[in-house]
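In our numbering, the protein residues as written are 1 to 333.
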């Protein structure tokens, strides 16, 4: 606090740094004309005084809110979308932006439009759209945004330069691992068909088997939950021609398969090998610990925010390759 009892302002910072108030303002607004040594002196004074710039005042002087919005649909509580939102929030803060999130209660176009209006009321400079489902992608294509936007997909979408993890490659390396372990009867537990990442993972699985001259024993569709994994796993493993390995499209469904295996008296990996996808924090503590494919969400968030900031600032940014997934080897396969 200053001697008057109020929080220190630009005047106090200027006095402490031995510069004009205009110079402090230029440092706050990242003006390129400020010499590095002057900038450092002002920043040190801010730190010593515990100075916090007033956001509203900065908006008035710069006509910028330094805020980006995140538009998330109804499935945002699931691991992938939730991790994507967290990653964008962290990357946004690191880039010097406030981040505000609007959740659409459903995939209805009117709900998405309402969420966009909410972000507009926050004076966002750009929007990240979390769009793992086909319905979200189609609805957003019909809506118009008045600010730059970047779409964060579960997988690449034709004709779009959104940011995404290479789901196809992740499924391919998971399947290759099972083939290398000698398995030829491999089943796939897929995610919902309207999710782009579920389709990409299924396609990668089928492509890798085809390259090895094999066909999938079966591909069944779950709903990302452990309950669906347990139900489908029980059906697959109790059949007359049960697979010797299962590639699950996410770790939660893999957990369900582990439960079904235990109820049937099957050992993992001796009787049935299992690979998941996501590497959720609990995967290392499954019994046995789960071999799975890790998505690098922090890198996904950084690339997404970097692309959006470049659009906001009118800079050219080369198209980035998909974020590469990594196979994490544990005891289940």
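Each residue gets a CB set at the ideal place from its N, CA and C atoms; glycine is no exception. Keep in mind the model is a prediction, meaning the values are calculated, not measured.
Closest residue to residue i among the options (Cα-Cα distance)
i, options, result
"residue 307", "163, 225, 89 and 192", "163"
"residue 280", "290, 317 and 119", "290"
"residue 261", "42, 277 and 244", "244"
"residue 285", "330, 303 and 175", "330"
"residue 274", "328, 239, 105 and 102", "328"
"residue 140", "176, 71, 174 and 95", "71"
"residue 264", "235, 247, 276 and 249", "235"
"residue 272", "297, 298, 21 and 237", "237"
"residue 270", "28, 333, 49 and 19", "333"
"residue 303", "92, 49 and 50", "92"
Counted within 10 angstroms of its Cβ, other Cβ atoms place residue i as buried (16 or more) or exposed
i, result
"residue 254", "buried"
"residue 229", "buried"
"residue 170", "buried"
"residue 278", "buried"
"residue 96", "exposed"
"residue 158", "Confidence in residue 158 is poor, its pLDDT being 43 and thus under 50, which makes the residue's placement too unreliable to answer from."
Spatial distance of residue i from residue j (CA atoms)
i, j, result
"residue 257", "residue 188", "11 Å"
"residue 222", "residue 35", "59 Å"
"residue 318", "residue 149", "16 Å"
"residue 305", "residue 312", "10 Å"
"residue 47", "residue 190", "52 Å"
"residue 292", "residue 205", "14 Å"
"residue 314", "residue 68", "15 Å"
"residue 239", "residue 220", "14 Å"
"residue 87", "residue 123", "21 Å"
"residue 60", "residue 247", "For residue 60, the predicted structure reports a pLDDT of 44, less than 50, and the residue's modelled location is therefore unreliable. The matter cannot be settled from this model."
"residue 209", "residue 78", "29 Å"
"residue 98", "residue 126", "11 Å"
"residue 266", "residue 242", "11 Å"
"residue 183", "residue 320", "35 Å"
"residue 181", "residue 174", "11 Å"
"residue 326", "residue 276", "12 Å"
"residue 310", "residue 316", "7 Å"
"residue 27", "residue 168", "45 Å"
"residue 66", "residue 203", "40 Å"
"residue 103", "residue 38", "42 Å"
"residue 133", "residue 112", "13 Å"
For residue j and residue i, believed in contact at Cβ under 8 Å, the rounded distance
i, j, result
"residue 172", "residue 207", "6 Å"
"residue 13", "residue 45", "5 Å"
"residue 252", "residue 231", "Going by Cβ atoms, the distance from residue 252 to residue 231 rounds to 13 Å, so no, they are not a contact pair."
"residue 212", "residue 179", "5 Å"
"residue 249", "residue 185", "Residue 249 to residue 185, Cβ: 18 Å. No contact."
"residue 107", "residue 135", "4 Å"
"residue 17", "residue 41", "5 Å"
"residue 129", "residue 322", "Not confirmed; about 17 Å, so no contact."
"residue 301", "residue 137", "Going by Cβ atoms, the distance from residue 301 to residue 137 rounds to 20 Å, so no, they are not a contact pair."
Runs of alpha helix (DSSP H) wholly within the region 60-116 (minimum 4 residues, chain order): 79-94
What ranges does the beta strand (DSSP E) occupy inside the region 257-309, keeping only unbroken runs of at least 3 residues that lie completely in it? 273-275 and 292-294
Runs of beta strand (DSSP E) lying entirely within the region 186-255, each at least 3 residues, in chain order: 186-190, 219-221 and 245-248
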